[in-house]
Structures are given as structure tokens and as C-alpha cells.
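**Student:**
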Ligand SMILES: Cc1ncc(COP(=O)(O)O)c(C=O)c1O
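Numbering (the working numbering), first residue to last: 3 to 385.
(1) Going by C-alpha distance, which of 277, 123, 354 is nearest residue 217?
(2) I'd like the span of the alpha helix (DSSP H) that includes residue 377, first residue to last.
(3) Do you know offhand how far residue 286's Cα is from residue 225's?
(4) When the Cα of residue 373 is compared with those of 348, 356, 360, 353, which residue comes out closest?
(5) So does the region 162-180 actually touch the region 130-142, counting three or more Cβ pairs closer than 8 Å?
(6) Please determine, among 365, 126, 83, the residue with the shortest C-alpha to C-alpha distance to residue 326.
(7) Thinking just about the alpha-carbon of each residue, which of 34, 13, 32 is nearest to the one in residue 24?
(8) Alpha carbon to alpha carbon, how far is residue 263 from residue 350? Give it in angstroms, no decimals.
(9) Measure from the alpha carbon of residue 84 to the alpha carbon of each residue in 324, 230, 279, 206, then state which is nearest.
(10) Shortest alpha-carbon distance to residue 220 belongs to which of 16, 294, 114?
(11) Would you check whether ligand 1 has a heavy atom nearer than 7 Å to the C-beta of residue 138?
(12) Can you pull the DSSP bridge partners for residue 35?
(13) One question on the structure: do residue 328 and residue 180 come within less than 8 Å of each other, judged by their Cβ atoms?
(14) Could you tell me the boundaries of the beta strand (DSSP E) in which residue 132 lies?
(15) So, does the region 245-259 touch the region 51-65, judging by three or more C-beta pairs under 8 Å?
(16) Less than 8 Å between the CB atoms is what I'm expecting for residue 229 and residue 307, so what's the real figure, rounded?
(17) Based on Cα-Cα distance, which residue from 93, 204, 334 lies nearest to residue 238?
(18) Between the region 99-119 and the region 144-162, are three or more C-beta pairs nearer than 8 Å?
(19) Just to confirm before moving on: does the CB-CB distance between residue 269 and residue 100 stay below 8 Å?
(20) Spatial neighbours of residue 178 within its chain, please: CB distance less than 7 Å, with the 5 preceding and 5 following residues excluded, ordered by chain position.
(21) Among 74, 212, 78, which has the Cα closest to the Cα of residue 244?
(22) Beta carbon of residue 231: closer than 7 Å to some heavy atom of ligand 1?
(23) Have a look at residue 197 and residue 22 and give me their C-alpha separation to the nearest angstrom.
(24) Assuming the contact rule is C-beta atoms closer than 8 Å, residue 7 and residue 106 should be a hit. Round their C-beta distance to whole Å, please.
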């Protein structure tokens, strides 16, 4: 693909000055609005991955922008030595919509998982069981519960007493639990691994097993929470209640914030903390984003539009799976497909040979048709 001199300059400087961490797509983005992004040359792209599931309310959502602007003129940071109103408003809102009792704020998803790990490991029992193919983050605690060997291997030895059981296999989980197990952690749908959906009844069975064994059930809703799968939280598809929920991504409408929500268990003073967490600017952004998601019934839009997209993709004889607006398509060459889509003004991402779609939840059928039209012209999708 052709890259302008302006974009090339940024790409070269990034390679020179930024740690060699990311394999980025060759697009330099300057601005966004709703479903669309524009690069430094003014080319417009339909965004089908929403900053990895973050921009659920669309780019630069007016309500979120308004809240940040207003708050930035009165108070941006205090630390947790002091009380602030936006933090308490958000904590109450999260507790009410999730059915949890308490909230601990974080700056992102991996910190939400770290908080959950610390919360449940304070007693005599230390073992936590996550699932094969789970992704929970990159910091050392959450990484210890992340399945992919190439993410973990260079950093071993990691946190002890962390292990994995086969996903969607209640017998395997039962066998993995020992007298030292304090908790089970899982993604209600595995997102980063390419949209792996467990059988109906699996979450309920995990809940029952955790009750029987008197261990905590932790769910990682970082990628799924706030409507992505057609319900406000993905675990609600099975009408269960976890003990701990980790959230982030869509929560801040594009502003970095996460949280660990819990019930029946709480920290003692001094056991955990953070200078920035629950910062007023992040909290007003999250309050506005969550209100927008609820007031505009975006989970329902995700359900309806998700079904429309899935149906249309299936009609094209593609190997596709998904729930709501979390969709994975197995293709011959996913990276090639993403590059072809860029040329057609569409941005998507991939894992292995799975093309991943997780657009803003404000998407309409019109934009889906635009995406489908572009896809029909991609050679790499077939086979
Ligand atoms: C399920 C899940 N948990 C945790 C994380 C880590 O979140 P973050 O990248 O905000 O640290 C991610 C990120 O993709 C995720 O998908």
C-alpha cells in the first residue's frame, strides 16, 4: 500500500524513538468522530474495531467530550487522600448496574485483574485457576493467568500457584481444583483468542462448582462489559452472579479507566491503592459513557446489529462466530485481509487467521453494508 511522506515520517520516528513493542498497521490517525477515523492525509476509514473494543459510544462522543471539558476546568486530580464527587457517583452507578457491592478503580484492564488477584489471595489459599486460551493482561500477575506461551515464557518464573484448566470443560475444571484453590478466573467469551464462545450452561456450571468448593468466581469482562455482547455484562446471558468482575475498555468512552467490582469480600485499608485511580477526569468520562450506553440502549443495538452482521457473513459461506458485536471470522490470510480492507477504507484487526470485528456499538446496518461490500472484494478472505 502507498504511504504518504507525512505518514512515513511519523512511522519512521516511531521506529526510532518508541520501544519496539507493537506491530502496528501502517495508518497514522489524526482524528475521529462516531464510526469514523481520518488519517493525516484526510483519508476516511470506517472503524470496525473501536480501539480494541474501547470506543463503544463512538469516537469523540459529544456527551463524553462535554463531561471531560467541564471537569478539566474545575478539577483534574486530587489522589485518594481526599473524596471527590465523580468517583463516588461512578462507584454507586457501577455497583447498581452490576449487582456488586464494592468498586475498586484502576487505570486499565490489567490493573483490574491485578486487583482481583490481590483481593482473593490474601488468605491461606493461594491458587487461582484461569482457562486455556484466556487473556487477562500483560503485568506480571495477570500475565501469570494469560495462556499464550510466547507472552509468558520470557518472563518466567511468574507468580506461583497460577494454573490453567481447559475452557468450556467443567470436568477439567473440577479436576484442577485443589485444597489450595481460592478462585477461578475466566472470560465469559474469550475475546483476544479469536471469539471463543463456551456452551450454554457452562458459566452456570462454573458458578455451581465454585459454590460447592467455596471458592471465588472471578469474571474478566474487560473486553465484553458495557454492552458488547448484547447484554450490559456478558455473564448476564446466563443469569448468574460472579463474586468479582473486572471491567475497563468501553467503560471510559475512550478515556483510560477500569475497575474491579466485588461482593462478599473487601480489601482492608492499605492492602491496595494507586495515585491516579478514580481520578475525577476519568470518572466523569466513565459516568458519561455508561449513561450514554444505557440511555441509548446500546446493548440492544449490539444484539440486533450483531445478528444482522453474523447472518450476512454466514450467507457468504464464511467461517464466522460471534455474539452481539464481538465477531470472529476464520479466513485464509487474516493479516492480508486487514491490509486489503485498509485500502478499501475499513479498519479491522486479527488474531492468527481470525479476522476480529468489534465496532463501536452505535453502528447501523448502513455501515455494516459498507463493510460487507468492501469485504466482498477482498481476495484474502476466501478459502
Ligand atoms: C479479557 C481481557 N482482560 C484484560 C485485558 C487487559 O486490559 P488492558 O490492555 O487495558 O490492560 C484485556 C485486553 O485486551 C482483555 O481483553
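Note that beta-carbon positions come from the ideal geometry of N, C-alpha and C, so glycine has one too.
**Tutor:** On the basis of the coordinates in this document:
(1) Walking along the chain shown from the start, residue 217 turns up at place 215. Of the listed residues, the one whose Cα sits closest to residue 217 is 123.
(2) As a position in the chain shown, residue 377 is number 375, starting the count at 1. Looking at the DSSP string, the run of the alpha helix (DSSP H) that includes residue 377 is 367-378.
(3) In the chain shown, counting from the first residue as 1, residue 286 sits at position 284. In the chain shown, counting from the first residue as 1, residue 225 sits at position 223. Using only the alpha carbons, I get a separation of about 21 Å.
(4) Locating residue 373 in the chain shown gives position 371, counting from the first residue. Minimum Cα distance to residue 373 is reached at 348.
(5) yes
(6) For the purposes of this step, residue 326 is taken as the residue at position 324 of the chain shown. Among 365, 126, 83, the Cα nearest to that of residue 326 is on 365.
(7) Along the chain shown, one-based indexing puts residue 24 at 22. Of 34, 13, 32, the smallest CA-CA separation from residue 24 is found for 13.
(8) Looking up residue 350 in the chain shown gives position 348. Looking up residue 263 in the chain shown gives position 261. If you take the alpha carbons of residue 350 and residue 263, they lie about 30 Å apart.
(9) By one-based count along the chain shown, residue 84 stands at place 82. Ranking 324, 230, 279, 206 by Cα distance to residue 84 puts 279 first.
(10) The residue you call residue 220 lines up with position 218 of the chain shown. Closest in C-alpha terms to residue 220, from the list 16, 294, 114, comes 114.
(11) As a first step, residue 138 is located in the chain shown; it is residue number 136 there, counting from the start. Checking the Cβ of residue 138 against ligand 1 gives yes.
(12) To locate residue 35, count along the chain shown from 1; it is residue 33. In the DSSP output, where bridge partners are listed per residue, residue 35 has 38.
(13) As a working mapping, residue 328 is identified with position 326 in the chain shown. As a working mapping, residue 180 is identified with position 178 in the chain shown. No.
(14) By 1-based counting over the chain shown, the position of residue 132 is 130. Per DSSP, residue 132 belongs to the beta strand (DSSP E) from 129-133.
(15) The answer is yes - the region 51-65 touches the region 245-259, with three or more Cβ pairs under 8 Å.
(16) Here residue 229 is taken as the residue at index 227 of the chain shown, counted from 1. Here residue 307 is taken as the residue at index 305 of the chain shown, counted from 1. At roughly 11 Å, the Cβ-Cβ gap does not stay under 8 Å, so residue 229 and residue 307 are not in contact.
(17) On the chain shown, position 236 is the one that residue 238 refers to. Nearest C-alpha to residue 238: 204.
(18) Here the region 99-119 lies against the region 144-162, with 3 or more beta-carbon pairs under 8 Å apart.
(19) The sequence position of residue 269 within the chain shown is 267, counting from 1. The sequence position of residue 100 within the chain shown is 98, counting from 1. No, they are not a contact pair.
(20) Position 176 of the chain shown, counted from the first residue, corresponds to residue 178. So the list reads 131, 165, 167, once near-sequence residues are dropped.
(21) Locating residue 244 in the chain shown gives position 242, counting from the first residue. That would be 212, whose Cα lies nearest to the Cα of residue 244.
(22) Within the chain shown, numbered from 1, the residue matching residue 231 stands at position 229. Residue 231 Cβ: outside cutoff for every heavy atom of ligand 1.
(23) What you label residue 197 is simply residue 195 of the chain shown in a count that begins at 1. What you label residue 22 is simply residue 20 of the chain shown in a count that begins at 1. Looking at the two C-alpha atoms, the distance is approximately 27 Å.
(24) Locating residue 7 in the chain shown gives position 5, counting from the first residue. Locating residue 106 in the chain shown gives position 104, counting from the first residue. Not really, about 47 Å apart at Cβ, beyond 8 Å.
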